[in-house]
Amino acid sequence: MSKVVKVLVVDDSAFMRNILKRILTQTGKFVVVGEASNGKEAIEKAKELQPDLITMDIVMPEMDGITATREIKKILPNVKIVMCTSVDQEKKVIEALEAGADGYIVKPFQAQKVIDELNKLFPD
């Protein structure tokens, strides 16, 4: 059995966080250790929980996902951050990858695509 991956789920929509949590937990490989609804909260939770992986929404109130990604990578350089993006946000995705994101998944989430993307970062 491979190591369990601790995940912090960040999205301003509780509905989206719940969908993602369901997709992640059904694999048995990913364990959701916390959630945050904006970038500021994400930074605090990342410091506190030291997750292996963060799923980060790009567009959020208070602080967007790209700014939060930059800040978190300064504190936890080894954490993997996967951006959650809508189809029409290509420029933002490029900006996020430049900020240190390790990949991205597209909303609306398709379970298999999400798992495939995350398994690239955490192969067994």
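In this note's numbering, the protein residues as written are 3 to 126. Yeah, the Cβ is synthetic: ideal placement off N, Cα and C, and Gly gets one too. Since we're looking at a predicted model, the values are computed, not measured.
1) Mind reading off the beta-carbon distance from I60 to K94? Whole number of angstroms is fine, and I expect it under 8 Å.
2) Compare the Cα-Cα distances from A103 to each of E64, K115, L26 and T69 and report the closest residue.
3) According to DSSP, what are the bridge partners of D59?
4) Taking the Cβ atom as the reference point for each residue, do P53 and V33 lie within a distance shorter than 7 Å?
5) Could you tell me how far apart the beta carbons of F111 and I45 are, in whole angstroms, since I believe they sit closer than 8 Å?
6) In three-state terms, what does DSSP make of L10?
Inspection of the coordinates gives the following:
1) The residue you call residue 60 lines up with position 58 of the sequence shown. The residue you call residue 94 lines up with position 92 of the sequence shown. About 5 Å separates the two Cβ atoms, so the contact holds.
2) Numbered from 1 along the sequence shown, position 101 holds the residue referred to as residue 103. Comparing Cα-Cα distances from A103 to each of E64, K115, L26 and T69, the minimum goes to T69.
3) Numbered from its first residue, the sequence shown carries residue 59 at position 57. The partner list for D59 (beta bridge, DSSP) reads C86.
4) As a working note, residue 53 is residue 51 in the sequence shown. As a working note, residue 33 is residue 31 in the sequence shown. The answer is no: Cβ separation not under 7 Å.
5) The residue you call residue 111 lines up with position 109 of the sequence shown. The residue you call residue 45 lines up with position 43 of the sequence shown. Contact flag wrong, Cβ pair sits at about 24 Å.
6) Start at 1 with the first residue of the sequence shown, and residue 10 comes out as number 8. Note: L10 maps to strand in three-state DSSP.
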